[in-house]
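Protein chains in written order, with the numbering used here: chain Y, 615 to 846; chain G, 195 to 621; chain Z, 31 to 247. Just so you know, even glycine gets a beta-carbon here, dropped at the ideal spot from N, CA and C. Take a look at the structure below.
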Amino acid sequence: MGHVRRPRPAAHALGRGRPLSAPALAGALIRTLNERIGSDLRDLWTDEDTVEFTIDGARNVNVLTTLRDDPDLDFFMLADAAAVDYGIDAHFEVVYHLYSAKHPAWLRVRARVDRANPRLPSITPLWEGAMFHEREMYDMMGIVFEGNRDLRRIYMSPDYRSFPQRKDFVLPDDAADSSAHGVNPLERPETWDLTRFNEAPAVTFPTSELRPDAPAEGVEDGVTAADKSRPR
Amino acid sequence: MTTIDPETRIPDPIELDRMEEERLRAAAGLLPVHAEGGEYAGFDTVGIPDRPPQTEREREVYTLEEGEMLVNMGPQHPSTHGVMRLVVKVRGEIVVDVDPVLGYLHRGIEKLCENATYTTVLTYVDPMDYLSTMHNEHAPAIAFEKLYDIRAPKRAEYIRALVVELNRVFSHGLMMGFLALDIGGLTPILYSFINRDEVVDLLSAISGQRMLFNFFRVGGVNFDANDEFLSRLGTWRANVLENIEMNERMITENEIFRGRTVGMGRLSGEDAIKLGVTGPNLRASGVAFDVRKAHPYSIYNELEFDVITQDSGDSYARYLQRIAEIKQSIHLIDQIIDKMPHGPVQAQVPGIIRPKPGRAFAAVESPRGLYSVYAISDGGPNPYRFRMRDPSFISLQAVPKLMPGRLVADTMAVMASFDPVMGGVDK
Amino acid sequence: MAVDRPTTNLPQPVPTGDAPIIIPDAGGDDALLREFQMEEHPQGGFHGLLEVIPTKADYVLDLIRANSLWPLLSGLSCCAIEMMSTATSVNDIDRFGMFPFRASPRQADVLIVAGTLTTKMAGPLVRLWEQMPEPKWCVAMGTCTTSGGRFKRSYSVVQGVDRVMPVDVYVPGCPPRPEGLIYGMLKLHELVKQRRGQWGTYVDRGPQRTRWEGDVR
Chain Y
615 MGHVRRPRPA AHALGRGRPL SAPALAGALI RTLNERIGSD LRDLWTDEDT VEFTIDGARN
675 VNVLTTLRDD PDLDFFMLAD AAAVDYGIDA HFEVVYHLYS AKHPAWLRVR ARVDRANPRL
735 PSITPLWEGA MFHEREMYDM MGIVFEGNRD LRRIYMSPDY RSFPQRKDFV LPDDAADSSA
795 HGVNPLERPE TWDLTRFNEA PAVTFPTSEL RPDAPAEGVE DGVTAADKSR PR
Chain G
195 MTTIDPETRI PDPIELDRME EERLRAAAGL LPVHAEGGEY AGFDTVGIPD RPPQTERERE
255 VYTLEEGEML VNMGPQHPST HGVMRLVVKV RGEIVVDVDP VLGYLHRGIE KLCENATYTT
315 VLTYVDPMDY LSTMHNEHAP AIAFEKLYDI RAPKRAEYIR ALVVELNRVF SHGLMMGFLA
375 LDIGGLTPIL YSFINRDEVV DLLSAISGQR MLFNFFRVGG VNFDANDEFL SRLGTWRANV
435 LENIEMNERM ITENEIFRGR TVGMGRLSGE DAIKLGVTGP NLRASGVAFD VRKAHPYSIY
495 NELEFDVITQ DSGDSYARYL QRIAEIKQSI HLIDQIIDKM PHGPVQAQVP GIIRPKPGRA
555 FAAVESPRGL YSVYAISDGG PNPYRFRMRD PSFISLQAVP KLMPGRLVAD TMAVMASFDP
615 VMGGVDK
Chain Z
31 MAVDRPTTNL PQPVPTGDAP IIIPDAGGDD ALLREFQMEE HPQGGFHGLL EVIPTKADYV
91 LDLIRANSLW PLLSGLSCCA IEMMSTATSV NDIDRFGMFP FRASPRQADV LIVAGTLTTK
151 MAGPLVRLWE QMPEPKWCVA MGTCTTSGGR FKRSYSVVQG VDRVMPVDVY VPGCPPRPEG
211 LIYGMLKLHE LVKQRRGQWG TYVDRGPQRT RWEGDVR
C-alpha cells in the first residue's frame with residue numbers, strides 16, 4: 615500500500631499571534647536616518663524589530679560616527695560586527711548591528727566590500743571592542759581593516775594560509791566532490807574488510823576544480839594520506 | 195655595615211659549577227650564543243616570536259624594556275576557564291602588558307553550520323558556551339523562527355524561559371565557585387558544583403542530557419515538562435534560596451575575598467561600552483542594559499523584573515551582581531511557574547525547514563552578556579551564513595586594559611570575575 | 031628465571047642482551063596483527079612486556095599505582111566541566127585516589143583529555159604528554175577525543191586524540207556522565223593492574239613521540 619500524503623496545514627498558520635514580518639514601529643528612526651545620512655543610505659528595509667540599510671564600504675567610519683554621536687540617533691553600543699561572503703563571484707559584506715536606547719529597533723548596517731581587494735577602514739577608533747571582531751573577520755575571511763593596530767590571526771595559528779569561512783574553502787572530508795574524499799576509511803568500502811585493510815590502495819588527492827593550482831588543504835607534497843594515525 | 199666587594203667574594207657552589215662548565219665548554223670550542231639585537235630576555239620562559247612582529251601592538255607587547263620579562267600563562271593552567279594563553283609582560287611582580295592568545299578551542303562551528311540543516315545547527319551551537327547551553331540554543335531558535343516566519347506556542351515560550359533562567363542560576367553559581375577557586379578558596383567550588391548538579395539533574399529530567407541539552411527546536415522545545423521534572427523542580431525550589439544564601443555567606447563577607455576583589459579591576463561604564471562588554475559585567479559598572487528589557491524576546495514582556503546594577507565596577511561588584519541576578523532569576527522562575535499555560539510545546543514544522551531567503555538577527559541575554567545570532571537564509575535546507583556573537587569573546591578585551599599596574603596573581607582573579615568561557619570565546 | 035634487564039636509561043627502543051623477544055605467531059595471513067607489531071604503530075610493538083613474569087611485589091606495586099592515579103588538570107572544553115563534576119562532592123573521584131588534579135605534568139600519572147582537541151592545541155597537549163614521566167596513561171574522555179565527535183568535518187579539530195598520542199581508555203559520551211567517567215577510570219585501574227597500556231615496563235622506550243605533523247585531519 616502506498617504512502618498516502620495528507621495535505622498538511624501551513625506551518626505559520628499554526629503559530630499564534632501576528633506574523634513576524636510586520637514592519638518595525640520605527641518611523642522616527644527612519645526619518646532621522648534619512649535626514650542625517652540619506653546620501654549614504656541604500657536599500658532601507660525593516661522587519662519586526664530591525665531596521666537595515668546598505669552603505670558603501672569606504673564610508674563606514676563616517677556613517678557609524680554619525681550614528682553614534684548624533685543625539686537623536688544615539689546608537690552607542692556595537693552589538694555585533696560580522697562578515698558575510700556572498701559567493702566566489704560576488705562581494706563580501708561587513709554587517710554591523712547597533713543598539714540605541716532611544717529607538718525600538720536594532721540597526722543593521724551592511725557595508726559592501728570588494729572581493730578582489732577586501733579592505734575596509736577600521737572602526738576601532740570608535741569602539742575599542744571592535745578589535746577582536748575585526749581580527750576574527752580578518753582571520754576567517756581575509757578582510758583587511760586599515761587602521762587596526764593589531765590585525766593578526768586570532769583563531770588559527772599565525773602561519774595558517776587560508777581563510778576558512780570563505781565560500782571557496784571546502785571542508786575536507788566532505789562528500790565525493792571534495793578534494794579529500796576517502797581520507798576517512800569508512801568512506802571506502804574496500805577497507806571494510808579489516809583482514810585485508812593494507813591491500814587497499816592508498817588515497818590520492820586530485821586538485822579541486824575551484825582552485826586548480828592549489829593542492830588539497832593541508833596535505834603536503836608527495837604525501838598521499840592526511841590520516842597519519844597509522845603508516846600507509 | 196659591611197660591604198662585600200663583588201670582585202673578591204667567594205662564589206657559592208652553584209656559581210662555581212657554572213663557571214667550571216663554561217670553562218670546559220669554552221675549552222671545547224662551544225662558545226655561548228647570544229641572540230642578535232638587544233632584546234634577549236635572558237631567562238626565557240617565553241620565546242619572543244622568531245619572526246618579525248606582524249602588527250604594531252605585537253611589537254609593543256613583545257619589546258622588553260629594562261627589567262621586564264615575558265611570562266606565559268599557557269593554554270593549560272589551573273585556572274578553570276579553559277584553554278587560553280596569556281602572554282604577560284611583567285616587571286618583577288607587576289604586570290606591564292598582557293597579550294591574550296586565543297584559538298586553542300576553535301572548532302569551526304560557524305563553517306560546520308553552513309553544511310547542516312537548521313535543526314542540526316541547534317545541536318552544533320550547544321558546546322559553544324557550554325555553561326549556558328540553553329541560551330546558546332535560544333538565540334538561533336528565535337532567529338530561525340524569524341526566518342521561517344513562525345512563532346512558538348505560548349507554553350513552549352514559557353518552558354524556554356524556565357530552562358533559560360534555570361541555566362542562568364547554575365551558571366552564575368559556578369562563576370562564584372570559579373572566582374573563589376582562582377583566588378585560592380577551594381571550598382566554594384564544591385558547593386557550586388553541588389548546586390549545579392541539582393539543577394542539571396532537573397534539566398536532564400526534561401531534556402535527557404546533563405549538559406549539552408539539545409532541547410530547543412525551531413518552533414518550540416523538544417519535550418514537555420513531565421512528572422519527574424515537576425517534582426524535582428518543586429524540591430529544588432524549596433531549597434534553593436537557602437542554599438544560595440549559605441554559599442553567599444561563605445564568600446561575600448569573607449575578608450580575604452573582599453581584600454582580593456574590592457577595588458580590583460575597576461571598569462567604568464563608558465569604557466565598558468566602548469570595549470563591548472555586556473551582561474552582568476556591564477551592569478556591575480552601572481549601565482542598566484539588559485537585553486530582556488531593551489529588546490524583549492520570548493515572554494519577558496509579561497514577567498516583572500528590574501534591571502539591577504551596581505555602582506563600583508570592580509570585581510566585587512561583578513560578583514554581587516551575579517548573586518543579585520541569581521535571586522532575580524529565582525523570582526522569574528516563580529512567576530513562570532505561576533503563569534505557565536497549557537498547550538502544545540512545538541509548532542508543526544517539517545523536519546527539514548526551508549525558510550524563504552532573508553536575514554534575521556536575534557539577541558538574548560546570556561549569563562555572560564549579549565549573545566546574538568545573525569542568520570542568512572538562501573531558501574535551501576542549510577543556512578547560508580550563521581554567525582554567533584559570543585559575549586565572553588568581546589569581554590575578554592577588557593582584561594588587557596585592566597591588568598597593567600596590578601600583580602600577576604590578580605590577573606586570574608580579574609579574569610575570573612568576567613567569567614569567560616573558552617568554548618564561546620573560540621567558537 | 032634470570033631476566034636480562036638493561037640498566038641504562040638511554041633511549042634504546044630495543045633491549046640489548048640475548049633474551050629473545052617472544053612474539054606469538056597468530057598465523058600467516060594475519061595482516062592486522064603484523065601491522066600491530068610494527069613499532070611505528072601507536073599501540074604496537076612488544077617492548078619487554080613479555081620478557082618478565084610478574085611477582086607478588088610487582089602486583090602490589092601495580093595496586094599502589096592504580097589506587098593513586100593522579101590526573102593532570104587538562105580540561106579543554108565541556109567535558110572538563112563534567113570532569114570537575116566527577117571530582118567534586120556528588121560524584122566523588124577521590125574515593126579512587128584521584129583527588130589531586132596536579133597542575134604540573136611532572137607530577138601527574140594520567141592525562142584525561144577532556145574536551146575537543148584542536149590543531150592549535152595539539153602542540154601544547156603533546157608537549158604536556160611528553161613532559162609527563164613514565165608510568166603514564168591517557169584517557170580520551172568524550173567523543174571529541176575519541177574520534178572528533180560532533181566536529182567530525184571541521185577544519186581545525188583533530189579527529190581523535192589518538193592521532194597524536196597513545197590512548198589507553200576511551201570514554202564515549204557527549205559529555206560522558208560522571209558515572210561513565212568513573213567507569214572509564216575503573217577500567218584504567220584494571221589496565222594498570224594487568225600492566226597493559228603504553229608505558230614501558232622495564233625498558234625505557236625513549237621519548238614517546240608519536241608521529242604528528244602539522245595536519246592531523
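- When only Cα atoms are considered, G:V255 and G:V602 end up about 16 Å apart.
- Nearest C-alpha to Z:V201 among Z:L211, Z:E164, Z:P101, Z:T118: Z:L211.
- Around the beta carbon of G:M440, a 10 Å sphere encloses fewer than 16 other beta carbons of the protein chains shown; the residue is thus reported as exposed.
- When C-beta distances to chain Z are compared with 7 Å, the residues of the stretch 590-619 of chain G below that value are G617, in chain order.
- Look at the beta carbons and you see the stretch 398-409 of chain G not touching the stretch 475-487 of chain G: under three pairs across the two are nearer than 8 Å.
- Under the Cβ criterion of 9 Å, Z:T173 is not counted among the residues facing chain Y.
- Setting aside the 5 residues that flank it on each side, Y:M691 is surrounded in the same chain by Y713, each with a C-beta closer than 6 Å to its C-beta; the list follows chain order.
- Spanning the alpha carbons of Y:E662 and G:R553 requires a straight line of approximately 12 Å.
- For G:G428, no beta strand (DSSP E) segment is defined; the enclosing uninterrupted segment is the alpha helix (DSSP H) at 421-445.
- Close partners of G:I388 in chain Z (Cβ separation under 8 Å): T118, S119, V120.
- Interface annotation, G:F587: in contact with chain Y, CB-CB separation under 9 Å.
- Residues of chain Z with a Cβ closer than 9 Å to the Cβ of G:R579 do not exist, since the nearest Cβ in that chain sits about 17 Å away.
- About 6 Å separates the beta carbons of Z:C204 and Z:G179, which is inside the 8 Å limit, making them a contact pair.
- If you draw a straight line from the Cα of Y:I757 to the Cα of Y:R733, it is about 6 Å long.
- One finds T317, Y318, P321 in chain G with Cβ atoms closer than 8 Å to the Cβ of Z:R180, taken in chain order.
- Against Z:M162, chain G offers no close residue; the least beta-carbon distance is about 12 Å (beta-carbon pairs closer than 7 Å).
- Bounds of any alpha helix (DSSP H) do not take in G:D418, whose DSSP letter is neither H nor E.
- When the alpha-carbon of G:V539 is set against those of G:V434, G:E351, G:S571, G:T257, the nearest one is in G:E351.
- Looking only at G:N389, G:S398, G:H300, the smallest Cα-Cα distance to Y:I768 is reached by G:H300.
- Secondary structure at G:M370: helix, using DSSP grouped into helix, strand and coil.
- Residues of chain G with a Cβ closer than 8 Å to the Cβ of Y:I768 are, in chain order, L296, G297.
- As the crow flies, the alpha-carbon of Y:A744 is around 27 Å from that of G:L341.
- Shortest Cα-Cα distance from G:R581 to any of G:D528, G:K621, G:Y494 involves G:K621.
- Y:I737 sits in coil when the DSSP states are folded into three classes, being neither helix nor strand.
- Taking a C-beta cut-off of 7 Å against chain Y, none of the residues of the stretch 88-114 of chain Z qualify.
- Contact annotation for Y:A704 against chain G: no contact, minimum CB-CB distance about 12 Å [criterion: below 9 Å].
- For Z:W167, the enclosing beta strand (DSSP E) begins and ends at 167-171.
- If you compare the alpha carbons of G:R345, G:L258, G:S401, G:E339 with that of G:L360, the shortest gap goes to G:S401.
- With a cutoff of 9 Å on beta-carbon distance, Z:V199 and Z:K217 are scored as near each other.
- The three-state secondary structure of G:I570, taken from DSSP, is strand.
- Counting every other CB atom within 10 Å of its CB across the protein chains shown gives Z:T173 a total of 16 or more, marking it as buried.
- Between G:V558 and G:V485, the beta carbon gap of about 6 Å places them in contact (Cβ cut-off 8 Å).
- A Cβ-Cβ separation of about 7 Å places G:I288 in contact with G:G599 under the 8 Å criterion.
- In the three-state reduction of the DSSP assignment, Z:R180 falls in the helix class.
- If you compare the alpha carbons of Y:V723, Y:A672, Y:H711 with that of Y:L658, the shortest gap goes to Y:V723.
- The straight-line gap separating the alpha-carbon atoms of G:V363 and Y:R729 is approximately 45 Å.
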